[in-house]
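In my numbering, the protein residues as written are 32 to 170.
Cβ atoms here follow ideal geometry from the backbone N, Cα and C, with glycine treated the same way.
Just so you know, these numbers come straight off a predicted model, no measurement behind them.
What follows is a set of notes on a single structure, which appears directly below.
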């Protein structure tokens, strides 16, 4: 079963996909969105869903460090509700605390990537970490 992981922000959505057996996650791309203009990238997301034959979404929940939920969690849940309605595919959620920090650290330590280049891939890597954490928890 192919699972798609999403790191939803106000300007971008990082996308990752599992292998067909659901063991590993790979970053796919970053979809540009504009939350304020209500442009959410659903057309491109739909193309990826068809291409990879996605059977489930996993949306990262950016909870606060004390486990409370703020406005970004509400925005992520709203995005999850919308994609569930549009694509008729189940949506699950994964706590994503520190995944962006972890992704940034990986890029700095392992790839020595400049700040400008990191910004271009960070959301995709965060989506990959969200999905991999979910897959590890489920299997």
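When rounded, the separation of the alpha-carbon atoms in residue 52 and residue 155 is 21 Å.
In the structure shown, residue 49 adopts extended strand secondary structure according to DSSP, grouped into three states. Residue 100 sits close to residue 94, with the two beta carbons spaced by under 9 Å. Closest in C-alpha terms to residue 157, from the list 32, 33, 61, comes 61. Taking residue 168 as reference, the option from 106, 89, 136 with the minimal CA-CA separation is 89. When secondary structure is reduced to three states using DSSP, residue 56 falls in the strand class.
Between residue 71 and residue 124, the CB-CB gap reaches or exceeds 9 Å. Rounded to whole angstroms, residue 76 and residue 97 show a C-alpha spacing of 32 Å. Note on geometry: alpha-carbon atoms of residue 43 and residue 37 lie some 10 Å from one another.
Under the DSSP assignment, residue 87 falls in the beta strand (DSSP E) whose first and last residues are 85–92. Each of 66, 152, 32 was checked against the Cα of residue 102, and the nearest Cα belongs to 66.
Of all alpha-carbon atoms in 92, 33, 164, the one lying nearest the alpha-carbon of residue 84 is that of 33. Under the DSSP definition of a beta bridge, residue 36 partners with 47, 89.
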